[in-house]
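Quick notes on the structure that follows.
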Amino acid sequence: MSEKLRVLLLCTANSARSQMGEGLLRHLADGRLEVFSAGAEPASVNPYAIRAMNVRGIDISGHSSDHIDQYRAQSFDYVITVCDNAAESCPAFPGPARRIHWSFPDPAAVEGADEAVLASFINVRDGLEARLRDWLESL
Numbered sequence: 434m435s436e437k438l439r440v441l442l443l444c445t446a447n448s449a450r451s452q453m454g455e456g457l458l459r460h461l462a463d464g465r466l467e468v469f470s471a472g473a474e475p476a477s478v479n480p481y482a483i484r485a486m487n488v489r490g491i492d493i494s495g496h497s498s499d500h501i502d503q504y505r506a507q508s509f510d511y512v513i514t515v516c517d518n519a520a521e522s523c524p525a526f527p528g529p530a531r532r533i534h535w536s537f538p539d540p541a542a543v544e545g546a547d548e549a550v551l552a553s554f555i556n557v558r559d560g561l562e563a564r565l566r567d568w569l570e571s572l
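Residues 434 to 572 (this note's numbering) make up the sequence shown, in order.
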């Protein structure tokens, strides 16, 4: 059996979009891929991202927010950027590293009542899941 494909998801803070993407892709790939996420300016995992994923039945509460430098020397088959800033500042990686960019709005930028903020995270989560499902089918 061949080695698993390695996938890195990137967004600026590695706190929401890339974290939800990592959790979703691990869940959807069911062990067929090695999945990581990172950011150029890592912050803690956003509590709303954790809540939105819990609603979906996926626990990302144990995830850490990693700096992209941790992965610069590693080889990836795919590097998926999920915010425009990460796409612009994405470094080169050794190996085949096919780059994919999906632009998703920052759900953490939404202000207002708890329900409105959580809804913005759920909307982004659902968009990520749809893209990831389509992408996995294309592999």
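From the three backbone atoms N, C-alpha and C, an ideal C-beta is built for every residue, glycine too.
Check whether the stretch 441-448 and the stretch 463-482 are in contact - that is, three or more C-beta pairs closer than 8 Å. yes
For residue 476, three-class secondary structure by DSSP: coil
Closest Cα partner of residue 528 within the set 544, 510, 541 and 517: 510
Could you check what DSSP says for residue 434 in three-state terms: helix, strand or coil? For residue 434, the pLDDT reaches just 43, beneath the cut-off of 50, and the residue's location in the model is therefore unreliable, although a value from the coordinates is still provided. Residue 434: coil per DSSP, three-state reduction.
Residue 466 lies in the beta strand (DSSP E); which residues open and close that run? 466-471
Return helix, strand or coil for residue 484, following the three-state DSSP convention. helix
Top-ranked residue by Cα proximity to residue 478, from 513, 448 and 557: 448
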